[in-house]
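Protein chains in written order, with my numbering: chain H, 3 to 345; chain F, 1154 to 1605; chain R, 81 to 477.
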């Protein structure tokens, strides 16, 4: 029982990442009809926003400590971050410590701006082109973004720890009456899950309760008619692309303490997020979220030793197996709409 | 026709080509791998000799590859008598004199393995076929090393392995044309065991997480054998997919299993993530079976330690070499490398640099570039002054035997490169095994292949 | 000739000539010159271009004609490779039994995967094929290691049975004694041309593969497939069931992929699991689109283009660049070398990504359209001398 509960919890935070990426991808699919292979790269750029802010806050000036030597035998250069000298060591340290949550504020304008830039500069020209061309151009863009990040930050993962206050884990099992150590759960994963729920809720509320959202939803359903009504749908679609980029970016920012980001993390998530979106059903936002959590939880279950001893290697293929079963039993995924991306 | 090089063979060939076009290629007296009449592949005829440096430049190990390349360029510099000479000053063999190899200036070509055996082989083939490389070296994973080693055996060139830790490289998949300076999984286990016993006692319960591919399995097997010999109990061994990025669902059940040590048989990005996740789950703060819970990472590298950040502090593992190791050659190399690139070399850089020098030295001593002569010169070669202390290239399997370092993550690093500290040096006798040890069985060195 | 009309016959002859003369075409610069770095006429690359050409030609039969975008063709590539290496292990180094087996096994795989995947269309189909291929890859890398030798890749060991192995038989892949990695070198002036048996073997197969696809494109079957692409619903209303046709196309293209995979192992006796990864499936999609989907020559051009860029650009390191720009004064040289090295050597992927974007933005029909435009430009020049440069390049939309 406790083992199952444990894996549900683990599935939730895995699912959170899947759901957030899939949500943005579906927004772009659904509103713009574009297959965006650069979406994983946007997730990665978001994560590197956190790295960048961490680096900016840690910008240091060098003083020479004559008493110690470095590996070449020269006097050791000691680095002191500017923020520490400006705000005093305590506030400075705290700022660096909290760089990941602070990056949310930094990432939103960066990601929205990048989204606008990509949509206006590139994607706009590809609305009427075949999906194959969209794949090629966005894949090319993903490689370019990836290589730029690799050039600046190298290929090695970069540690971006959570604030000291949220490191470590708490014993969830004791709260609900299990043995100690039966169900432990890291604080930051809990935060990630809550954060994902907030973002998902915000996106849904935005589409549901604002006029802007209503127009976009109408545009998703029937773009031409909306255009005929004299509504400038293009501008709204640009904004939607920015929103989708921001969602992917924020998912990346908050993911950095869970796993150290590296330049190809986007490609690792790209295929998976496409599977999630399609399993959820094309053009369905609730479908994408549902599929994200479903696949996350199933993946966690499949990695249980009890399951693996029955079907060896099941954790290697579970996502794809589930995708196949769902797509063969439900023609348009879990909640897909007819006619979207079916031709 | 007037522009043709007028050698006898040239005339014959052009004549045939002009006369019959492509219809009768059998007229040419050709041979595999573009050999001339010298008896071996890519025999250098001009004033230069070309080496092929095949390292990952894209993919997860690109930084490691970049460091390897730095070491290779430094080695070439030293061989050609530029710079301060580095380890040539401390190397016990004095055959090399800074005039290249056998008086030929050393040139090099580079290629990208992409950490895929396919791409690595294609890259190595282009070096052999297009650039006339006489020796291939590099790589940062065992799959790639084994694949390229097999290719070099077929092509008749020497392969000096870079970073490859699997037992198979000089075990099941050993080849006469291939040589490994780096240590292996068996040695990691043998070196780590005494330190583990000293630190954590002999009554421990271990839980293994293992990357689900060949290298992971050989390491798990080696570490398991070594720790069980101490009296440790192995509670469970769980395979994790190579593509896994989040290890939470594998780590969460560990605490509940009754184990009090977690052994991570992961490398590169896998290791960075699994260690980060394990620390996140607070494993290291727990007390299980009345003992403090411990994590062990049998194979360490500085780049991985950099990626895992704070999480490596106090965690035990092994390395082939470290720049703080006080042995003849280390200082020369670190100075030389540090002055040129502004950073200390990684263990990958070290092994690649040493391999290049060892190859050059073997050619010099053999007096020939012929792979079979090189093999003979390297087999059973004993040397010192390369940073590891006295070392033997064993003839039976072309594996180097030397002391192995046990290291741990440093508590108070003074710089971004100062992440590991040496805990113990396990002497070579304790990590030596017979060539027919079961973990290395099934392979056949074969005979050296000089190509055409 | 051969059941082709005059135009197609001429086309085929041009293709044959280009293929056979590849060792010359890819070796335009004399040995030892600075530009020799750009020569690509060495066996491995020529073989790879021909093999991936076959892969892309086959893929185009499915994608170019029916519009079904498979993201799982790498699985068949891998299956083909494994088949060939297994035949080496069991029989001997003759490539023929392995290639036959590769076509058969990949055909069976394609039949099974295609039968299930073709129940859906559009992106649902793409994801189904992707899922099947990724499952194959993950299993081949781990659980199926006894069959695939996992990470290391399947290779021949001296302990393998090799029942048909006879005394004195070559111990590298060969066709009845013709050893694949054997080459003949021709020195002409400063030029060195390499004629490799393996390349000509793949080239002949590539020509046959091309001829077959030409026939399929021109056949009633091909017409039916095009009908599937333009409007499947309408086709269904006419009482025709399109599924058997698309399935046939899927299986044929799967067999092409299997043949290509088999040839990879025939040139170099190793089969790695990475061949089944989605990046390889993606690569063939990109080769096809880059060259021009639906055209006959496009996919081959795309395959050559990508393989050339990957293999040649990744080898241009800073040392080579230093050599090229040695005529420049010191500070300027450093800047120029720095800029160039962002795009070559370890930066080759950046060039690849940029090329994808540029081609698809400015040449919507792929490289084939680029060729077409150049031809039109020349023709126009011929017709109207003086009216030279016309503003070319339609906007991206």
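C-beta: ideal position from N, C-alpha, C; glycine also.
- Membership of residue 1311 (chain F) in any alpha helix (DSSP H) is not indicated; the residue belongs instead to the beta strand (DSSP E) covering 1311 to 1314.
- Each residue's CA atom was taken as its position, placing residue 1480 (chain F) and residue 1540 (chain F) some 5 angstroms apart.
- From the beta-carbon of residue 386 (chain R), no residue of chain H is found nearer than 9 angstroms; the closest lies around 12 angstroms away.
- Listed along the chain, the chain H residues whose CB falls inside 7 angstroms of the CB of residue 1434 (chain F) are 171, 186 and 188.
- Looking at the DSSP output, residue 1207 (chain F) shares a beta bridge with F:1264.
- Counting of Cβ neighbours within 10 angstroms places residue 384 (chain R) among the buried residues, the total reaching 16 or more.
- Under the 10 Å beta carbon count, residue 3 (chain H) is surrounded by fewer than 16 other beta carbons and is classified as exposed.
- The beta carbon of residue 1440 (chain F) sits no closer than 8 angstroms to any beta carbon of chain R.
- Distance from the CA of residue 375 (chain R) to the CA of residue 37 (chain H), rounded to the nearest whole angstrom, comes to 23 angstroms.
- By the beta-carbon neighbour count (other beta carbons within 10 angstroms, threshold 16), residue 97 (chain R) is exposed.
- Approximately 5 angstroms separates the beta-carbon atoms of residue 1248 (chain F) and residue 1514 (chain F); this is inside 8 angstroms, confirming the contact.
- The three-state secondary structure of residue 159 (chain R), taken from DSSP, is helix.
- Under the Cβ criterion of 8 angstroms, residue 328 (chain H) is not counted among the residues facing chain R.
- Of all residues in the region 417 to 440 of chain R, the ones placed with a Cβ closer than 8 angstroms to any Cβ belonging to chain F are 425, 426, 428 and 429, in chain order.
- With the rule of 3 Cβ pairs closer than 8 angstroms, the region 13 to 24 of chain H counts as touching the region 290 to 305 of chain H.
- In the three-state reduction of the DSSP assignment, residue 275 (chain R) falls in the strand class.
- For residue 1264 (chain F), the chain R residues whose C-beta falls within less than 8 angstroms of its own C-beta are 394 and 395, listed in chain order.
- By the C-beta density criterion, residue 67 (chain H) is exposed, having fewer than 16 other C-beta atoms within 10 angstroms.
- Straight-line measurement puts the Cα of residue 91 (chain R) at about 12 angstroms from the Cα of residue 99 (chain R).
- In chain order, 5 and 9 place their CB closer than 7 angstroms to the CB of residue 306 (chain H), counting only its own chain and leaving out the 5 sequence neighbours on each side.
- The criterion of a C-beta distance shorter than 8 angstroms is not satisfied by residue 1285 (chain F) and residue 1409 (chain F).
- Residues are counted here when their Cβ sits less than 7 angstroms from a Cβ of chain R; for the region 246 to 273 of chain H these are 273, given in chain order.
- Linking residue 442 (chain R) to residue 1406 (chain F) through their CA atoms gives a straight-line distance of about 54 angstroms.
- The C-beta separation of residue 1222 (chain F) from residue 1263 (chain F) comes to about 6 angstroms, placing the pair in contact by the 8 angstroms criterion.
- Under the three-state reduction of DSSP, residue 1288 (chain F) is assigned to strand.
- Look at residue 113 (chain R) here: in three-state DSSP terms it is coil, with no helix or strand label.
- Counted as a single uninterrupted DSSP element, the stretch harbouring residue 266 (chain R) is not any alpha helix (DSSP H) but the beta strand (DSSP E) occupying residues 262 to 268.
- In the three-state DSSP reduction, residue 83 (chain H) falls in the strand class (E or B).
- Interface residue (Cβ-Cβ distance to chain H less than 8 angstroms): residue 150 (chain R) is not classified as such.
- With 16 or more neighbouring CB atoms inside 10 Å of its own CB, residue 235 (chain R) falls in the buried class.
- Only buried fits residue 1377 (chain F), as 16 or more other CB atoms lie within 10 angstroms of its CB.
- When Cβ-Cβ separations below 8 angstroms define contact, residue 1575 (chain F) makes no contact with chain R.
- Three or more beta-carbon pairs drawn from the region 178 to 189 of chain R and the region 158 to 165 of chain R are found closer than 8 angstroms, and the two stretches are therefore classed as touching.
- Chain order gives the chain H residues near residue 222 (chain R) as 315 and 318, where near means a beta carbon separation below 8 angstroms.
- Rounded to whole angstroms, the Cβ separation of residue 1312 (chain F) and residue 1473 (chain F) is 18 angstroms, and the two are not in contact under 8 angstroms.
- Rounded to the nearest whole angstrom, the CA to CA distance from residue 1306 (chain F) to residue 1270 (chain F) is 15 angstroms.
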